[in-house]
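Numbering (this note's numbering), first residue to last: 381 to 788. The beta carbon of each residue, even a glycine, is placed where N, CA and C say it ideally should be.
In structure tokens form, the structure reads like this:
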């Protein structure tokens, strides 16, 4: 617990360790996990079906302890427990699940500021559904992108269904504080992520709401979040809304509009293609990177690139910004284009300092059966720097197998 080692804790619990056993100090491993403030550790120690496993008194004790930490504050409680008077050391760390969370050290103890997330998680597991205003009060102080508390509250609100909660949520669209509106967009995103078929009517209702909202939202950051949530559901107004915001002064809005006019396995309209080509020279790298992604073959009906799109990618693959070049290389590599300029571009990428770009170029040559594949992979360098699951690492084997078959 003291090391905040959620992986070991998970293995122990899965192996039969009793997270509810009483310790000499009267606590339990689960209560100790709550004291760490780590949502990931609590989730690992909580185990399966805690509502059925734990008696009501134990559930109440967990909720009371978590609520106490949340309402008191990490630094204040650390001062009380340690007696230390010096300033607490604060740092933001990456949570193993991809979120971020603040961590405080004081008087020889370290605690993470994740009790809002823990409380929300425990309440959901125990069948407790607080009113919206209480949930909002937990999330709003943690509005930094990716914060674990913000994410947890938005996620569990997104799981709640029914006309009552939907009416309360949609009222936030008119809230004067843009943070509240951005939070609403995040909740709706969770409502519509990987939803089962029986919730299709909810999705249609939500997407209609988002389309209406997108036309009126004045704040750029909120509008970008709304467009991000709106895109990808096949709404009939999606392209029109995207064209409305292509070229928006806020690059995050413009970047999301790029995907509004791009649908997977669907041919673009001439207006959408023209609008995207007009952004190839946009001054913002964020916008150019989105365009490079949107030119990927998955946004075409047949995996083929129109000449104008190919030429745009050949330009973006030489962009000054690394991640623009990466996205352009991925889009070009995944296409079926085998023209000489495209092959020459892949060969040029083998001189890049960035190892990932070199691997992308080598993979592109391999999937095209290019005779320079073996040499290209040699120029990538040692492959152990990449994940063993990276699909690009298997291309040389497939290339050799294919060549042997052809020769036979």
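Per DSSP, the bridge partner or partners of residue 484: Taking the first residue of the chain shown as position 1, residue 484 is located at position 104. Residue pairing by DSSP places residue 484 opposite 470, 491 in a beta bridge.
Rounded distance between the beta-carbons of residue 759 and residue 738, thought under 8 Å: Translated into positions along the chain shown, residue 738 becomes position 358. Translated into positions along the chain shown, residue 759 becomes position 379. Their Cβ separation, rounded to whole angstroms, is 6 Å, which keeps residue 738 and residue 759 in contact under 8 Å.
Alpha carbon of residue 500 to alpha carbon of residue 549, nearest angstrom: To locate residue 500, count along the chain shown from 1; it is residue 120. To locate residue 549, count along the chain shown from 1; it is residue 169. Distance from the CA atom of residue 500 to the CA atom of residue 549, rounded to whole angstroms, is 17 Å.
Buried versus exposed, by CB contacts within 10 Å (16 or more), residue 769: Residue 769 sits at position 389 when you count from the first residue of the chain shown. Residue burial is scored here from C-beta neighbours: residue 769 has fewer than 16 other C-beta atoms within 10 angstroms and is therefore classed as exposed.
Neighbour-count burial assignment, residue 705, 16 or more Cβ in a 10 Å radius: In the chain shown, counting from the first residue as 1, residue 705 sits at position 325. Looking at its Cβ environment, which holds 16 or more other Cβ atoms inside 10 Å, residue 705 is buried.
Burial state of residue 477, where buried means 16 or more other Cβ atoms lie within 10 Å: Indexing the chain shown from 1 puts residue 477 at position 97. Burial call: exposed.
Cβ-Cβ distance between residue 568 and residue 590 below 9 Å: Numbered from its first residue, the chain shown carries residue 568 at position 188. Numbered from its first residue, the chain shown carries residue 590 at position 210. In this structure, residue 590 lies closer than 9 Å to residue 568 by Cβ.
Separation of residue 781 from residue 471, as counted between CA atoms: If you number the chain shown from 1, residue 471 lands on position 91. If you number the chain shown from 1, residue 781 lands on position 401. So the two alpha carbons sit approximately 51 Å from each other.
Whole-angstrom C-beta distance between residue 482 and residue 493, which should lie under 8 Å: One-based indexing of the chain shown puts residue 493 at position 113. One-based indexing of the chain shown puts residue 482 at position 102. Sure, about 4 Å apart at Cβ, within 8 Å.
Backbone secondary structure at residue 527 - three-state DSSP: Taking the first residue of the chain shown as position 1, residue 527 is located at position 147. If DSSP states are grouped into helix, strand and coil, residue 527 belongs with the strands.
As assigned by DSSP and simplified to three states, the class of residue 590: Within the chain shown, numbered from 1, the residue matching residue 590 stands at position 210. Annotated three-state conformation of residue 590 is helix, per DSSP.
Neighbourhood of residue 519 by C-beta, 8 Å cutoff - its chain only, sequence neighbours within 5 removed: Against the chain shown, residue 519 aligns to sequence position 139. Sequence-distant partners of residue 519 (beyond 5 residues in either direction) whose C-beta falls short of 8 Å from its own C-beta, in its chain, are 496, 529, 530, 533, 534, 563.
Beta-carbon spacing of residue 570, residue 607 below 9 Å: Taking the first residue of the chain shown as 1, we reach residue 570 at position 190. Taking the first residue of the chain shown as 1, we reach residue 607 at position 227. In this structure, residue 607 does not lie closer than 9 Å to residue 570 by Cβ.
Which listed residue (578, 648, 734) has its alpha carbon closest to that of residue 676: For this step, residue 676 is matched to residue 296 along the chain shown. Selection 578, 648, 734 evaluated against residue 676 yields 648 as nearest (Cα-Cα).
Through-space distance from residue 511 to residue 491, alpha-carbon basis: In the chain shown, the residue the question calls residue 491 occupies position 111. In the chain shown, the residue the question calls residue 511 occupies position 131. One alpha carbon belongs to residue 491, the other to residue 511, and they sit about 28 Å apart.
Where residue 452 sits in the DSSP three-state scheme: Reading the chain shown from its first residue, position 72 is the one you call residue 452. Note: residue 452 maps to helix in three-state DSSP.
Exposure label - residue 410; buried when at least 16 CB within 10 Å: Along the chain shown, one-based indexing puts residue 410 at 30. When all chains shown are included, residue 410 counts as buried.
For residue 721 and residue 694, believed in contact at Cβ under 8 Å, the rounded distance: The residue you call residue 694 lines up with position 314 of the chain shown. The residue you call residue 721 lines up with position 341 of the chain shown. Taking a contact as a CB-CB distance under 8 Å, the pair residue 694 and residue 721 counts as one, their CB atoms being some 6 Å apart.
Opening and closing residue of the alpha helix (DSSP H) in which residue 597 lies: Along the chain shown, read from residue 1 onward, the residue named residue 597 stands at position 217. DSSP places residue 597 outside any alpha helix (DSSP H), giving it a letter other than H or E.
Residue 507 versus 574, 552, 462, 431, residue with shortest Cα-Cα distance: Here residue 507 is taken as the residue at index 127 of the chain shown, counted from 1. The candidate whose alpha carbon is nearest that of residue 507 is 431.
Cβ-Cβ distance between residue 391 and residue 399 below 9 Å: Taking the chain shown and counting its residues from 1, the one referred to as residue 391 is at position 11. Taking the chain shown and counting its residues from 1, the one referred to as residue 399 is at position 19. Pairing residue 391 with residue 399 gives a Cβ-Cβ distance that is not under 9 Å.
Residues near residue 685 by beta carbon distance below 6 Å, same chain, minus five either side: Position 305 of the chain shown, counted from the first residue, corresponds to residue 685. Its chain contains 715, 717 as the residues whose beta carbon lies nearer than 6 Å to that of residue 685, once the 5 sequence neighbours on both sides are disregarded; these appear in chain order.
Helix, strand or coil at residue 521 [DSSP, three-state]: Here residue 521 refers to the residue found at position 141 when the chain shown is read from its first residue. For residue 521, the three-state secondary structure derived from DSSP is helix.
Backbone secondary structure at residue 608 - three-state DSSP: Start at 1 with the first residue of the chain shown, and residue 608 comes out as number 228. Of the three classes helix, strand and coil, the one that applies to residue 608 here is helix, per DSSP.
Extent of the continuous alpha helix (DSSP H) run through residue 550: Translated into positions along the chain shown, residue 550 becomes position 170. Element bounds for residue 550: 543-550.
Coarse secondary structure for residue 761, derived from DSSP in three states: As a working note, residue 761 is residue 381 in the chain shown. Looking at residue 761 - three-state DSSP - the assignment turns out to be coil, as it is neither helix nor strand.
For residue 433, the nearest candidate out of 401, 666, 421 (CA to CA): Looking up residue 433 in the chain shown gives position 53. Residue 401 holds the alpha-carbon nearest to the alpha-carbon of residue 433 among 401, 666, 421.
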